[in-house]
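As structure tokens, the structure follows; a few thoughts come after it.
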Amino acid sequence: MKAQDPAGGPPRPGTSTPRRGRRGGTTGSREDILEAARMLFAEHGFEGTSLRQVARAAGVDPGMIHHFFTGKDELFALSVELPADPEQVLAGVADTDPATRAELIVRTVLRLWESPAQAGLLAFLRGTIGSKAKTALLREIVARRVISRIMASVPGTPEEVALRGSLVATQVVGLMMVRYVVRLEPLASAAPEDVVRLTAPNVQRYLTGPLGQEPI
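Adding 6 to a residue's 1-based position in the sequence shown gives its number in this note's numbering.
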């Protein structure tokens, strides 16, 4: 039986060339992991879901998750199937002064929705509406990866900041739904600068302005 040429010739019969990079794995295992992750994240949220739970639900060894994914953050992001990465979209927002942040937030939302990503965003929102599991995932991603960046360094107690973040979300999500999904006129056809001028003041009030008098 011929030995392998030490200069790099073909391997001898009955042997195989060692694989480089990641270990082999079936596509089915990866999809099983993602499906299990979607189910658990929807039911328990990000913090309430562990990689061991995902592995158990998918019927795989926990090490298989690290074979396909870098960690829980990547697994969560891929299980939600977002058409755009919030970290990239919102880059720089957290570094602006909260007292003047609203215009940048609205412009960022409009820039994203006026981009080629609009078709994917529409498909994502329409596929989410009516599905409890997908709505739960959307709620988790908005709270963890969107609102947390928008509300960074906003003054107030944790409870107040959380309330303000929810109120900001009503404006931002409402704007997306009315302008791009429902397409209610005249907002649907309004110039982006007009949309910024009309909506940013209310977003800013929810960010840092007075929220109204306390009940007596």
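Think of the CB as a built atom: it goes at the ideal place given N, C-alpha and C, for glycine as much as any other residue.
Measure the Cβ-Cβ separation of residue i and residue j and say whether it is below 9 Å.
{"i": "Tyr-212", "j": "Leu-173", "result": "yes"}
{"i": "Phe-130", "j": "Pro-89", "result": "yes"}
{"i": "Leu-127", "j": "Leu-118", "result": "yes"}
{"i": "Thr-114", "j": "Arg-170", "result": "no"}
{"i": "Ala-175", "j": "Val-148", "result": "yes"}
{"i": "Val-201", "j": "Val-112", "result": "yes"}
{"i": "Thr-106", "j": "Gln-210", "result": "yes"}
{"i": "Thr-55", "j": "Ala-64", "result": "no"}
{"i": "Glu-199", "j": "Gly-51", "result": "no"}
{"i": "Glu-53", "j": "Ala-139", "result": "no"}
I'd like the span of the alpha helix (DSSP H) that includes residue i, first residue to last.
{"i": "Thr-134", "result": "124-134"}
{"i": "Leu-144", "result": "138-147"}
{"i": "Tyr-186", "result": "Where Tyr-186 is concerned, there is no enclosing alpha helix (DSSP H), given that its DSSP letter is neither H nor E."}
{"i": "Arg-211", "result": "198-214"}
Hey, residue i and residue j are a contact pair by Cβ (cut 8 Å); roughly how many whole angstroms apart?
{"i": "Ile-40", "j": "Leu-84", "result": "Here the sequence assigns Leu to residue 40, which means Ile is not the residue at that position. Yes, they are in contact, since the Cβ atoms of Leu-40 and Leu-84 sit about 6 Å apart, within 8 Å."}
{"i": "Pro-92", "j": "Val-188", "result": "Not quite, the Cβ-Cβ distance comes to about 23 Å (not below 8 Å), so this is no contact."}
{"i": "Ala-206", "j": "Ala-61", "result": "Their Cβ separation, rounded to whole angstroms, is 45 Å, which puts Ala-206 and Ala-61 out of contact at 8 Å."}
{"i": "Arg-36", "j": "Phe-82", "result": "With 8 Å as the limit, Arg-36 and Phe-82 do not qualify as a contact, their Cβ atoms being about 15 Å apart."}
{"i": "Asp-101", "j": "Val-66", "result": "With a Cβ gap of about 40 Å, Asp-101 and Val-66 do not count as contacting."}
{"i": "Leu-143", "j": "Val-179", "result": "Actually they are not in contact, since the Cβ atoms of Leu-143 and Val-179 sit about 15 Å apart, beyond 8 Å."}
Within 9 Å (strictly less), CB to CB, does residue i reach chain B?
{"i": "Met-70", "result": "In the structure shown, chain B does not exist; there is a single protein chain."}
Is the segment 183-193 close to the segment 158-165, with three or more CB pairs under 8 Å?
Fewer than three Cβ pairs drawn from the segment 183-193 and the segment 158-165 lie within less than 8 Å of each other, which leaves the two stretches out of contact.
Identify every run of the alpha helix (DSSP H) within the segment 85-119, keeping only runs that are complete inside it and at least 4 residues long; order them along the chain.
For the segment 85-119, whole alpha helix (DSSP H) runs of length 4 or above, ordered along the chain, are 92-95 and 108-119.
Is there contact between the segment 63-81 and the segment 95-103, where contact requires at least three CB pairs shorter than 8 Å?
The way I'd put it, the segment 63-81 doesn't touch the segment 95-103; fewer than three beta-carbon pairs between them come closer than 8 Å.
Going along the chain, which unbroken runs of the alpha helix (DSSP H) with 4 or more residues stay wholly within the segment 46-82?
Listed in chain order, they are 57-64 and 68-74.
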